[in-house]
Ligand SMILES: [Zn+2]
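In the working numbering, the protein residues as written are 1041 to 1307.
Right, dumping it as structure tokens:
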């Protein structure tokens, strides 16, 4: 079954992963900029990372027939350093016209700190000024609910960005309703040992429906699974969901949201 994995960090994955994803039906991925597992020592580290995301990785994906799109930002974890964040934010506009860039992401909050919030607001202003879509990372820890609300408040405070142009990722049982009720899109991340498992994601879809929601693997350098999306499909088929339902959350919905960017090829 064809699908899009709209959140995966392929710079951390092998070409074998690309091959297995293509065999499982993956036709496109989107790769948000994020923390590399270590703090970069300078803005130049981000400059090179943005070159990797906009030049190297699309070529690597194309070898397997997979379209590669990306999102740019300084992630919330490194945004604690305000001087570094300012320098990195200044680099982003030069990359926003690259053909595979969909918008600003994954921005958000990690520890819900004052500095993180300031840098989040600066990213939202940049998205507003450049009419970019936004992909949001929500905190993983006990502060997820509070962080999710703070982020949605910050978008609403900006006043110019429609919630339908913002996807709030890593939603779980206790945040999904709030996000949908306020008009935003939701992403569910399927992780082997935190966030949602395929079973929990299927439960959430059964409880809250299939409008404005997608699933992703968020595969990265840690314990994660680049085939999490097709594994969730198997779980949904086992429960009796139709192929149409599965196509909606994994192909139609990503195309609808991402298609708001003129750079996304929604064929
Ligand atoms: Zn991520």
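Quick reminder that beta carbons are idealized off the backbone N, C-alpha and C, glycines included.
Checklist line | Check your reading: residues with Cβ closer than 7 Å to ligand 1 heavy atoms | finding: 1047, 1049, 1072, 1074, 1146, 1177, 1258 and 1260
Item checked: Min CB distance residue 1101 to chain D below 7 Å -> Here there is only one protein chain, and chain D is not present.
Notebook entry, point to check: Which residue's Cα is closest to the Cα of residue 1125: 1104, 1137 and 1087?
Noted result: 1087
Note to self: Runs of 4 residues minimum, wholly inside the stretch 1217 to 1299: which ones carry the alpha helix (DSSP H) assignment?
What the structure shows: 1238 to 1248, 1268 to 1278, 1283 to 1287 and 1293 to 1298
Item checked: Three-state class that DSSP yields for residue 1093 in the structure shown -> helix
Next item on the list: Given a cut-off of 7 Å, decide if residue 1294 and residue 1116 are closer than it, judged by their beta-carbon atoms.
Entry: no
Check: From what residue to what residue does the alpha helix (DSSP H) around residue 1136 run?
Finding: Looking at the DSSP string, residue 1136 is not in any alpha helix (DSSP H), and its letter there is neither H nor E.
Check: The alpha helix (DSSP H) spanning residue 1058 covers which residue range?
Finding: 1055 to 1063
Next item on the list: Sort out for me which residues DSSP pairs residue 1116 with in a bridge.
Entry: BP columns for residue 1116 are empty, so no partner.
Check: Using a Cβ-Cβ cut-off of 7 Å (strictly less than) and excluding sequence neighbours within five positions of residue 1105, which residues of its own chain qualify?
Finding: 1062
Margin query: Out of 1208, 1173 and 1178, which one is the CA nearest neighbour of residue 1111?
Written below: 1173
Notebook entry, point to check: Do you know offhand how far residue 1120's Cα is from residue 1192's?
Noted result: 20 Å
Item checked: Spatial neighbours of residue 1304 in its chain, beta-carbon cut-off 7 Å, leaving aside the 5 residues before and after -> 1109, 1142 and 1298
Notebook entry, point to check: Taking the beta strand (DSSP E) that residue 1045 falls in, what are its first and last residues?
Noted result: 1043 to 1045
Notebook entry, point to check: For residue 1288, which option in 1300, 1268, 1136 and 1245 has the closest C-alpha, if you only look at C-alpha atoms?
Noted result: 1245
Checklist line | Range of the contiguous beta strand (DSSP E) that encloses residue 1177 | finding: 1173 to 1177
Next item on the list: Name the residue from 1241, 1270 and 1232 whose alpha carbon lies nearest to the alpha carbon of residue 1260.
Entry: 1232
Check: Pick from 1223, 1237 and 1222: whose alpha carbon is nearest that of residue 1229?
Finding: 1237
Check: For residue 1089, does the count of other Cβ atoms within 10 angstroms reach 16, so buried, or fall short, so exposed?
Finding: buried
Item checked: Beta-carbon proximity check, residue 1194 vs residue 1147, cutoff 7 Å -> no
Notebook entry, point to check: Within 10 angstroms of its Cβ, does residue 1078 collect 16 or more other Cβ (buried), or is it exposed?
Noted result: exposed
Item checked: Three-state secondary structure assigned by DSSP to residue 1125 -> helix
Check: Where do the N-terminal and C-terminal ends of the alpha helix (DSSP H) with residue 1196 fall, by residue?
Finding: 1184 to 1198
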